[in-house]
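Participant: Using my numbering, you'd call the opening residue of the sequence shown number 469 and step up by one each time.
Note that CB positions come from ideal geometry on N, CA and C, so glycine has one too.
Please see the structure below; I have some questions.
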Amino acid sequence: MREKRRKIALLIDNATCHAVSLKLSNVDVIFFPKNTSSLIQPCDQGIIKAFKNHYNNWIMKTIIYDKNPAGKIDEAIKGITILDAISCSKLAWDEITDTSIQHCFEKALEYDCREKQDIEESLINSDIVENAILKSF
């Protein structure tokens with residue numbers, strides 16, 4: 469990223485498990501304010517739902533085609549392994565398109581991600597807070 473001089477905005481909720489002292493070149497870490505409505509968090513705008521749908525489809529395919537040669541669903545479900553779950557997670561994530569993620573951010577932040585603009589971090593943070601307040605009511 470440094471060579472291409474690209475800047476990245478990493479939006480993170482304010483959960484205590486996230487490291488606060490990140491020092492990354494070319495990455496601006498922006499924490500959502502406390503008590504921010506989940507309505508403006510991009511993952512809550514459809515990314516998680518899409519992932520779960522794709523994951524469930526892959527798990528069902530695994531149960532039906534790989535684990536269920538005799539047609540016994542109960543036994544097939546018990547045959548799902550952690551490796552199967554990880555494989556299905558990877559396949560599900562691969563089906564999430566860049567466009568889907570972009571739309572979730574646009575919906576959450578009310579911002580057209582295709583527009584390349586230089587925006588000050590303080591303006592982005594104030595917009596996030598304003599959107600959270602508006603969507604909470």
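Find the nearest neighbour of D496 within the set I476, A544, T565 and D481, judged by alpha-carbon distance.
Facilitator: Residue I476 is the option with its Cα nearest to D496.
Participant: Would you say I527 and I548 are within 8 angstroms of each other, going by their C-beta atoms?
Facilitator: Yes, they are a contact pair.
Participant: Short check: CB of A518 to CB of S568, under 8 angstroms?
Facilitator: Going by C-beta atoms, A518 is nearer than 8 angstroms to S568.
Participant: Thinking C-alpha only, which one of D481, N536, N525 and I531 is nearest W561?
Facilitator: Checking every option, the nearest Cα to that of W561 belongs to N525.
Participant: Going by DSSP, what residue range makes up the beta strand (DSSP E) through D496?
Facilitator: It spans V495 to F499 - the beta strand (DSSP E) in which D496 sits, taken as one unbroken run.
Participant: On the criterion of 16 or more Cβ atoms from any shown chain inside 10 Å, does K535 qualify as buried, or is it exposed?
Facilitator: Under this definition K535 is a buried residue.
Participant: Taking the continuous alpha helix (DSSP H) assigned at L480, which residues delimit it?
Facilitator: Contrary to the premise, residue 480 reads as Ile rather than Leu in this sequence. It is not in any alpha helix (DSSP H) - I480 instead sits in the beta strand (DSSP E) that spans I476 to I480.
Participant: Would you check whether the ligand FAD has a heavy atom nearer than 7 angstroms to the C-beta of L478?
Facilitator: In terms of ligand content, the structure shown is empty, and the ligand FAD therefore cannot be addressed.
Participant: Might you give, ordered along the chain, the residues of its own chain that have their beta carbon closer than 6 angstroms to the beta carbon of A544, omitting 5 neighbours on each side?
Facilitator: Contacts found: I531, K535 and N536.
Participant: Are there 16 or more other CB atoms within 10 angstroms of the CB of I516, so buried, or fewer, so exposed?
Facilitator: With fewer than 16 Cβ atoms within 10 Å of its Cβ, I516 is classed as exposed.
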